[in-house]
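Enquirer: Chains as they are written, first to last, in the UniProt record's numbering: chain A, 1 to 307; chain B, 1 to 479.
First the structure, which I've put down as structure tokens, then a few questions once you've had a look.
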Amino acid sequence: MQHGKYRFIAGFLVLPLAIYAIFVISPFVQAIYYSFTDWTGLSPDMKMVGFGNYARLFQDDIFWAAVGNSVTLLLLLPVVTLSLGLFFAFMLNVGGRRRKKAVIGGVRGSGAYKILYFFPQVLSIPIVALLFQFAYNPESGALNAFFQAIGLDTVQPDWLGDPQLALWCVMAAMVWANVGFYVVLFSAGMSSIPKDFYEAALLDGANRLNTFFRITLPLLWDTVQTGWIYMGILALDVSAFAFVQIMSVGPGGPDYSTEVLPLYVYQKTFRDGQAGYATSIGVSLLIVTLIFSAIVMRLGRRERLEF
Amino acid sequence: MGSTSEFNRRDLVKRAAALGIVAVPAMSVLSACAGAGSGGGEKVEKGKKSAKNPLAVNESAGLDVVIFDGGFGDKYAKDAQAEYIKAFPKTEGKIKLSSTQKIQSTLQPRFNGGNPPDLVDNSGAEQMDFGTLVAKDQLTDLTPLLDAPSIDDPDKKVRDTLRPGVVEMGQFGGKETWILYYAYTVYGVWYSKGNLRKLDAEYPETWGDMLALCAKAKKKGIAGWTYPGKYPYYLPFSLYPFIAKIGGTEVLRKIDNLEPNAWKDPAVKAAFDAYYELYKKGYVLKGSPGLDHLQSQKAWAEGKALFIPNGSWVENESAKQIEKNPDFGLAVGAPSSLSASDKMPYGTIWASGGEPFIVPRKASNAEGGMELLRIMLGNKSSQNFIKQVSSLTSFNGGTGGITLPPGLASAQAALQKAGSNIVNPRLQDWYVALQKERIGVGALGEMMAGRLTPDEAINKIQKYADDTRDDSSVKKYKR
Numbered sequence: 001m002q003h004g005k006y007r008f009i010a011g012f013l014v015l016p017l018a019i020y021a022i023f024v025i026s027p028f029v030q031a032i033y034y035s036f037t038d039w040t041g042l043s044p045d046m047k048m049v050g051f052g053n054y055a056r057l058f059q060d061d062i063f064w065a066a067v068g069n070s071v072t073l074l075l076l077l078p079v080v081t082l083s084l085g086l087f088f089a090f091m092l093n094v095g096g097r098r099r100k101k102a103v104i105g106g107v108r109g110s111g112a113y114k115i116l117y118f119f120p121q122v123l124s125i126p127i128v129a130l131l132f133q134f135a136y137n138p139e140s141g142a143l144n145a146f147f148q149a150i151g152l153d154t155v156q157p158d159w160l161g162d163p164q165l166a167l168w169c170v171m172a173a174m175v176w177a178n179v180g181f182y183v184v185l186f187s188a189g190m191s192s193i194p195k196d197f198y199e200a201a202l203l204d205g206a207n208r209l210n211t212f213f214r215i216t217l218p219l220l221w222d223t224v225q226t227g228w229i230y231m232g233i234l235a236l237d238v239s240a241f242a243f244v245q246i247m248s249v250g251p252g253g254p255d256y257s258t259e260v261l262p263l264y265v266y267q268k269t270f271r272d273g274q275a276g277y278a279t280s281i282g283v284s285l286l287i288v289t290l291i292f293s294a295i296v297m298r299l300g301r302r303e304r305l306e307f
Numbered sequence: 001m002g003s004t005s006e007f008n009r010r011d012l013v014k015r016a017a018a019l020g021i022v023a024v025p026a027m028s029v030l031s032a033c034a035g036a037g038s039g040g041g042e043k044v045e046k047g048k049k050s051a052k053n054p055l056a057v058n059e060s061a062g063l064d065v066v067i068f069d070g071g072f073g074d075k076y077a078k079d080a081q082a083e084y085i086k087a088f089p090k091t092e093g094k095i096k097l098s099s100t101q102k103i104q105s106t107l108q109p110r111f112n113g114g115n116p117p118d119l120v121d122n123s124g125a126e127q128m129d130f131g132t133l134v135a136k137d138q139l140t141d142l143t144p145l146l147d148a149p150s151i152d153d154p155d156k157k158v159r160d161t162l163r164p165g166v167v168e169m170g171q172f173g174g175k176e177t178w179i180l181y182y183a184y185t186v187y188g189v190w191y192s193k194g195n196l197r198k199l200d201a202e203y204p205e206t207w208g209d210m211l212a213l214c215a216k217a218k219k220k221g222i223a224g225w226t227y228p229g230k231y232p233y234y235l236p237f238s239l240y241p242f243i244a245k246i247g248g249t250e251v252l253r254k255i256d257n258l259e260p261n262a263w264k265d266p267a268v269k270a271a272f273d274a275y276y277e278l279y280k281k282g283y284v285l286k287g288s289p290g291l292d293h294l295q296s297q298k299a300w301a302e303g304k305a306l307f308i309p310n311g312s313w314v315e316n317e318s319a320k321q322i323e324k325n326p327d328f329g330l331a332v333g334a335p336s337s338l339s340a341s342d343k344m345p346y347g348t349i350w351a352s353g354g355e356p357f358i359v360p361r362k363a364s365n366a367e368g369g370m371e372l373l374r375i376m377l378g379n380k381s382s383q384n385f386i387k388q389v390s391s392l393t394s395f396n397g398g399t400g401g402i403t404l405p406p407g408l409a410s411a412q413a414a415l416q417k418a419g420s421n422i423v424n425p426r427l428q429d430w431y432v433a434l435q436k437e438r439i440g441v442g443a444l445g446e447m448m449a450g451r452l453t454p455d456e457a458i459n460k461i462q463k464y465a466d467d468t469r470d471d472s473s474v475k476k477y478k479r
């Protein structure tokens with residue numbers, strides 16, 4: 001029965017694997033090769049420098065600032081976004097007051113909230129970043145105007161201009177842009193949880209907090225895990241790059257407080273003409289990503305509840 | 001589920017997910033690395049050399065031009081292109097002129113692949129690093145253009161029609177001229193005569209007057225200064241000539257040469273202290289550290305602040321806001337005198353070439369690229385540029401017979417007043433990362449936001465400069 005199984009499967013996988021090898025694996029190998037050269041990115045002329053680029057990384061304060069900020073984003077962004085997403089989804093689907101017919105339901109007007117939450121998702125990243133940049137404008141932005149309106153004239157932060165605040169400001173915009181997607185994702189997940197679970201729990205006298213931690217979250221675990229991975233990628237990847245590039249001082253500042261790895265790769269390649277060094281930063285970004293995925297896989301390994 | 005298969009579906013999914021995680025971020029990084037392609041554009045044949053065609057341009061070959069679409073827009077280049085077609089009618093329809101703000105991300109793959117355009121305005125935030133381009137032999141020497149007769153006067157070489165210093169700026173130590181700066185920018189303290197008049201003031205020629213004027217403005221709720229805190233490397237536009245004025249050009253030369261302790265010169269400290277005092281006394285527009293160049297220029301043009309460090313492109317860039325106030329009277333001021341013992345007289349100003357044009361080494365029609373530049377450096381195109389974007393060109397002239405807009409007229413007057421006291425710090429074209437990011441964002445921006453004292457800023461900058469000097473991956477220059 002098992003005879004020839006691998007050959008059979010391999011037969012199906014040849015084409016996709018070939019495509020994967022050409023378009024995914026080979027650029028990897030190429031990039032790792034470039035990271036050992038002094039390629040400028042402006043001419044095809046380069047020579048090998050061995051581990052020179054990597055040795056330089058260890059001395060590079062800006063690189064370490066970028067690693068620090070990227071890791072901060074990686075740790076905090078998924079937690080904040082997913083927690084908010086879960087909370088909102090729970091309120092929209094399960095958290096409401098008991099009404100006559102339905103045993104469980106969302107808060108009043110949950111349909112409208114759903115649309116509202118999802119709305120940022122239809123805006124492109126640069127638009128969201130620009131919107132927030134306007135809001136953060138210390139001179140005429142909405143935030144400082146709001147503080148003035150409620151009589152807090154003395155509280156006029158520089159927002160993006162302040163190294164203590166800048167990264168948080170960028171992060172807030174990223175959360176805002178992404179949370180809606182998770183509300184919808186988790187809502188879908190929650191709607192597939194059988195209602196009788198909640199009925200039984202409510203009969204036993206469970207409160208909302210209990211139903212959330214004992215029923216909703218465990219049954220939603222797979223979805224949460226997927227969301228976690230997805231959010232982690234966003235934190236390390238294009239999204240972080242675009243937000244920082246558009247919004248931050250410098251960009252990457254003030255004083256490197258918002259420098260992130262993908263932005264640093266970009267600056268080294270496209271501003272300083274040091275593509276070889278940039279690829280070695282890219283490889284270290286790859287390593288950070290690998291560590292992240294290994295940790296997530298390990299933490300996420302738990303038996304799925306089946307029903 | 002009850003599957004008996006050895007293949008655990010869950011594992012498979014997980015592995016696939018793991019690969020996916022790895023793949024996605026890395027892909028975006030790698031997509032930048034198009035790799036070192038070969039081949040590329042073929043050179044077009046040379047045309048016949050004649051009095052009308054001194055560079056021997058192929059009269060029917062196409063031309064590929066990329067213009068930086070920044071403060072000056074791209075219309076001036078399109079007009080010059082029309083002149084080119086007039087001179088070589090067979091090229092009609094074969095000229096491709098595109099404009100972008102993303103010079104490097106658009107052009108890097110083309111340089112790498114060996115098929116770059118014939119003429120590039122390598123400017124803006126995404127300027128390609130000249131040091132690397134020169135070191136990697138990617139540029140065409142423009143000497144033939146400089147030695148060709150000018151378009152207006154066949155007895156005069158193009159070289160002799162340019163403003164002083166322009167040719168030297170395009171050289172990197174050797175005899176070859178790699179870059180031709182087309183615009184001629186006057187940097188300094190930009191202000192509105194109208195707004196000063198409202199305060200019964202003239203442009204303050206001494207720092208004491210400057211502080212007094214700022215104090216007066218503050219009482220009326222107007223800030224003295226603003227600057228683009230998002231891009232703090234605008235501060236040097238008035239700060240560097242200020243340093244030169246206090247301590248002499250020698251200080252700037254040492255800084256450009258990355259000499260040890262160049263930044264520890266007392267003139268630097270004095271200039272930094274003076275600017276820091278502006279912050280300390282609350283003369284800087286609140287929130288400036290968070291503004292970008294357009295936002296700060298808008299606040300300044302609306303009269304919320306009196307002074308802004310900037311270059312002559314500001315007249316074009318802020319035209320919309322300035323027009324709202326017919327009384328505006330845009331003008332540029334040289335750095336005020338700090339004390340009577342300043343080494344250089346009042347009027348010392350920073351003026352130098354802007355909008356660097358290059359002809360790539362592997363351009364297929366390098367002669368055409370140079371010819372277009374020759375046309376642009378003629379009287380007609382120069383005048384057109386001056387009228388359109390109110391900035392001078394490197395062509396020494398072109399201002400006759402036209403009424404200059406106020407900002408430009410003031411820049412012209414400032415140049416005359418400066419005479420030979422024109423300084424030209426090279427940090428910003430030699431060491432872009434050092435100037436813009438490290439000194440600008442890392443130190444000057446921090447100091448003007450009040451988060452570094454002048455001493456701390458100087459120490460930080462000195463360390464940055466030392467790091468750059470010791471960094472073997474950065475090519476060094478001397479002047």
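Every residue gets a Cβ at the ideal spot worked out from N, C-alpha and C, and that includes glycine.
Count the other CB atoms within 10 Å of the CB of B:D74; is the residue buried (16 or more) or exposed (fewer)?
Expert: B:D74 comes out buried.
Enquirer: Output the boundary residues of the beta strand (DSSP E) element that contains B:S352.
Expert: From DSSP, the beta strand (DSSP E) with B:S352 extends over I349 to I358.
Enquirer: How many whole angstroms separate the CB atoms of B:P454 and B:D273, which I take to be in contact at a CB cut-off of 8 angstroms?
Expert: That belief holds up - the Cβ atoms of B:P454 and B:D273 are roughly 5 angstroms apart, short of 8 angstroms.
Enquirer: When you compare only the Cα positions, how much space is there between A:Y256 and B:I439?
Expert: Their backbone Cα atoms lie some 12 angstroms apart in a straight line.
Enquirer: Alpha carbon to alpha carbon, how far is A:W39 from A:L261?
Expert: The straight-line gap from Cα to Cα measures roughly 19 angstroms.
Enquirer: Quick check: the stretch 46-55 of chain B against the stretch 367-385 of chain B, are there 3 or more CB pairs under 8 angstroms?
Expert: Contact holds: three or more Cβ-Cβ distances are below 8 angstroms.
Enquirer: Which term fits A:N210, buried or exposed, when burial requires 16 or more other beta carbons within 10 angstroms of its beta carbon?
Expert: Counting Cβ neighbours within 10 Å, A:N210 comes out exposed, since fewer than 16 surround it.
Enquirer: At a Cβ threshold of 8 angstroms, is B:G311 touching chain A?
Expert: Closer than 8 angstroms: no.
Enquirer: Evaluate contact between the stretch 224-232 of chain A and the stretch 76-85 of chain A, counting only Cβ atoms and requiring at least three cross-stretch pairs below 8 angstroms.
Expert: Judged by Cβ distances under 8 angstroms, the stretch 224-232 of chain A makes contact with the stretch 76-85 of chain A, as three or more pairs qualify.
Enquirer: Helix, strand or coil: which one does DSSP assign to B:K230?
Expert: Looking at B:K230 - three-state DSSP - the assignment turns out to be coil, as it is neither helix nor strand.
Enquirer: To the nearest angstrom, how far is it from the Cα of B:G442 to the Cα of B:D155?
Expert: Spanning the two alpha carbons is a distance of roughly 50 angstroms.
Enquirer: Mind listing the chain A neighbours of B:S105? Cutoff is C-beta to C-beta under 8 angstroms, in chain order.
Expert: By Cβ distance, chain A contributes F270.
Enquirer: Which residues does DSSP pair with B:A305 in a beta bridge?
Expert: B:A223.
Enquirer: Determine, using beta carbons only, whether B:S312 and B:V186 come nearer to each other than 8 angstroms.
Expert: Contact: yes.
Enquirer: State the start and end residues of the unbroken beta strand (DSSP E) segment that holds A:F23.
Expert: That residue, A:F23, is in no beta strand (DSSP E); it is neither H nor E in DSSP.
Enquirer: Starting from the Cα of A:F88, find the closest Cα among A:G250, A:V283, A:E259 and A:V179 and give me that residue.
Expert: Looking at the Cα atoms, A:V179 is the closest of the given residues.
Enquirer: B:K86: buried (16+ other C-beta within 10 angstroms of its C-beta) or exposed?
Expert: It counts as exposed.
Enquirer: B:G407 by DSSP, collapsed to three states: which one?
Expert: Reduced to three states, the DSSP call for B:G407 is helix.
Enquirer: Using 8 angstroms as the limit for Cβ to Cβ distance, is B:M128 near chain A?
Expert: Yes, its Cβ sits closer than 8 angstroms to a Cβ of chain A.
Enquirer: Assuming B:G64 is part of the beta strand (DSSP E), what are its boundary residues?
Expert: Note that residue 64 of chain B is Asp in the sequence shown here, rather than Gly. Note, B:D64: beta strand (DSSP E), L63 to F68.
Enquirer: How would you label residue 346 of chain A, buried or exposed, when you count the other beta carbons within 10 angstroms and need 16 or more for buried?
Expert: There is simply no residue 346 of chain A to check, as chain A begins at 1 and stops at 307 in what is shown.
Enquirer: Whose Cβ in chain A lies nearer than 8 angstroms to the Cβ of B:P289?
Expert: The answer, in chain order, is P138, D158, G161, D162, V249 and P254.
Enquirer: Output, in chain order, the set of chain C residues within a Cβ distance shorter than 8 angstroms of A:L42.
Expert: The structure shown contains no chain C; its protein chains are A and B.
Enquirer: Closest Cβ-Cβ distance between A:Q274 and chain B: below 8 angstroms?
Expert: So, interface residue.
Enquirer: Residues of chain A with CB under 9 angstroms from B:L285, in chain order?
Expert: In chain order: E139.
Enquirer: Which residue or residues does DSSP assign as beta-bridge partners of B:W190?
Expert: In the DSSP output, where bridge partners are listed per residue, B:W190 has B:I308 and B:V332.
Enquirer: Could you give the DSSP three-state label for A:E199: helix, strand or coil?
Expert: In the structure shown, A:E199 sits in a helix (DSSP, three-state: H, G or I).
Enquirer: Quick check: what's the CA-CA separation for A:V296 versus A:S239?
Expert: Those two C-alpha atoms are separated by around 20 angstroms.
Enquirer: Looking at the unbroken alpha helix (DSSP H) that takes in B:I95, where does it start and where does it end?
Expert: No alpha helix (DSSP H) contains B:I95, which is instead part of the beta strand (DSSP E) from I95 to T100.
Enquirer: At a Cβ cut of 9 angstroms, what residues of the stretch 228-261 of chain B count as close to chain A, listed as they run along the chain?
Expert: Cβ contacts with chain A come from G229, K230, Y231 and P232.
Enquirer: So which residues on chain B does A:D45 lean against when the C-beta distance must stay under 7 angstroms?
Expert: By Cβ distance, chain B contributes K136.
Enquirer: By DSSP, does residue 484 of chain B sit in helix, in strand, or in coil?
Expert: Beyond the ends of chain B as shown, which are 1 and 479, falls residue 484 of chain B; an answer cannot be given.
Enquirer: Name the chain A residues that come within less than 7 angstroms of B:Q295, Cβ to Cβ?
Expert: Near B:Q295 (Cβ distances below 7 angstroms), the residues of chain A are N137 and E139.
Enquirer: Does any CB atom of chain B fall closer than 8 angstroms to the CB of residue 315 of chain A?
Expert: A question about residue 315 of chain A goes unanswered here, because the residues of chain A that appear run from 1 up to 307.
Enquirer: Counting only runs of 4+ residues fully inside the stretch 252-283 of chain B, write out the alpha helix (DSSP H) ranges in chain order.
Expert: Those alpha helix (DSSP H) runs which fall completely within the stretch 252-283 of chain B and span 4+ residues are 266-280.
Enquirer: Between B:Y84 and B:I67, is the Cβ-Cβ spacing less than 8 angstroms?
Expert: It is not a contact, given that the beta carbons lie outside the stated cut-off.
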